[in-house]
Amino acid sequence: MIGRLNHVAIAVPDIAAASAIYRDTLGAQVSETVAQPDHGVTTVFIELPNTKIELLEPLGENSPIAGFLEKNLTGGIHHVCYEVADIMNARDQLVEKGARVLGDGNPKTGAHGKPVLFLHPKDFCGTLVELEQC
Ligand code: CO
996 MIGRLNHVAI AVPDIAAASA IYRDTLGAQV SETVAQPDHG VTTVFIELPN
1046 TKIELLEPLG ENSPIAGFLE KNLTGGIHHV CYEVADIMNA RDQLVEKGAR
1096 VLGDGNPKTG AHGKPVLFLH PKDFCGTLVE LEQC
């Protein structure tokens, strides 16, 4: 069902500092910083030859990553994103197998403008999984 790894998302307390690490220390191609108020995060995308890294910094009062950063003060891997061809079909198959979809169970438009869903980390080896229709 799942296809390519679309990105690994890393939550960070200071996105400028994190961008500098990826750009200057690791020599990666780092995008500009983009505020995404609808998602409660500020993002930076890092293009690697085979996938992307998404840096996330909390934005606003009810950021969905605020709690994660309270537990992981210096940042950490927040989720992995796998590509699927048909997100509704993938969701239905997963729910049938007992997996829990977060939120109201319907896809939302993600940070890349494509439909996404998040799956409960307790059902996937302790890792928050994002599915993106590509
Ligand atoms: Co993501």
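Counting in this note's numbering, the sequence shown tops out at residue 1129, every number present. All C-beta atoms, glycine included, are put in the ideal place defined by N, C-alpha and C.
Residue i classed as buried or exposed, judged by whether at least 16 other C-beta atoms fall within 10 angstroms
i, result
"G998", "exposed"
"E1125", "buried"
"A1012", "exposed"
"L1006", "The sequence shown places Ala at residue 1006, not Leu. With 16 or more Cβ atoms within 10 Å of its Cβ, A1006 is classed as buried."
"H1115", "exposed"
"V1079", "buried"
"E1091", "exposed"
"E1127", "buried"
In DSSP terms, what residue i is bridged to
i, result
"F1113", "E1125"
"A1030", "T1037"
"T1020", "Per DSSP, none; premise fails for T1020."
"E1165", "Given that the chain is displayed from residue 996 to residue 1129, the structure contains no residue 1165 and the question cannot be resolved."
"K1092", "DSSP output for K1092 lists no bridge partner at all."
"K1103", "V1111"
DSSP three-state assignment for residue i, whether helix, strand or coil
i, result
"A1080", "coil"
"A1004", "strand"
"I1072", "strand"
"E1052", "strand"
"R1086", "helix"
"L964", "Residue 964 lies beyond the residue range present for the chain, which begins at 996 and ends at 1129; the question has no answer from this structure."
"D1118", "helix"
"S1014", "helix"
"S998", "According to the sequence shown, residue 998 is Gly rather than Ser. Here G998 sits in coil by DSSP."
Whole-number beta carbon distance between residue j and residue i, since they are thought to touch under 8 Å
i, j, result
"E1052", "V1036", "7 Å"
"H1002", "I1048", "6 Å"
"R1086", "L1123", "The Cβ separation is near 16 Å, so there is no contact."
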